[in-house]
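Have a look at the structure below, then the notes.
Numbering (the working numbering), first residue to last: 1332 to 1462.
Next comes the structure, spelled out in structure tokens:
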């Protein structure tokens, strides 16, 4: 695959994930303040290669990402990925269930933080309460 094909795939995948919903600056903007070339390499690897693989669907990848981010209590990154999960069609009730499942492995404080982030994103999107 050539560089232009990879850049195009990166842009298309990023647009699906982050092109709508609430306005959140992606970490990429901060990365490139430090090192533009490395930021581009990270972006093309993460979004253009990893997230565009077809073994898992984008909704499946986002559910996994949200579960992991909730478990490690990375709330800023979780906000970005909750929004992306909704953008690619994750069922809101299933996403809430994923957060409750985190209790088994990371405890209720992680669940509470994840649900608070999730509720805030849903409110900003005008999709709260879940019906």
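By construction, the Cβ of each residue, glycine as well, lies at the ideal position given by its N, Cα and C atoms. Nothing here was measured: the structure is a model prediction, and the numbers come from that model.
If you scan the segment 1402-1456 from start to end, which runs of the alpha helix (DSSP H) of 4 or more residues do you find wholly inside it?
-> 1406-1418, 1423-1432, 1434-1437 and 1439-1456
Where residue 1345 falls, given that 16 or more other Cβ within 10 Å makes a residue buried | buried
With 8 angstroms as the threshold, decide whether the Cβ of residue 1412 is near any Cβ in chain D.
-> Given the protein chain composition of this structure (a single chain), no chain D is represented.
What is the rounded straight-line gap between the Cα of residue 1457 and the Cα of residue 1352?
-> 10 angstroms
Residue 1459 by DSSP, collapsed to three states: which one?
-> coil
C-beta atoms of residue 1394 and residue 1427 nearer than 8 angstroms | no
Please name the residue, chosen from 1435, 1370 and 1350, that lies closest to residue 1359 on a Cα-to-Cα basis.
-> 1370
Short check: CB of residue 1414 to CB of residue 1355, under 8 angstroms?
-> yes
CA-CA distance, residue 1334 and residue 1385?
-> 20 angstroms
Within 10 angstroms of the Cβ of residue 1443, are there 16 or more other Cβ atoms? Answer buried if so, exposed if not.
-> exposed
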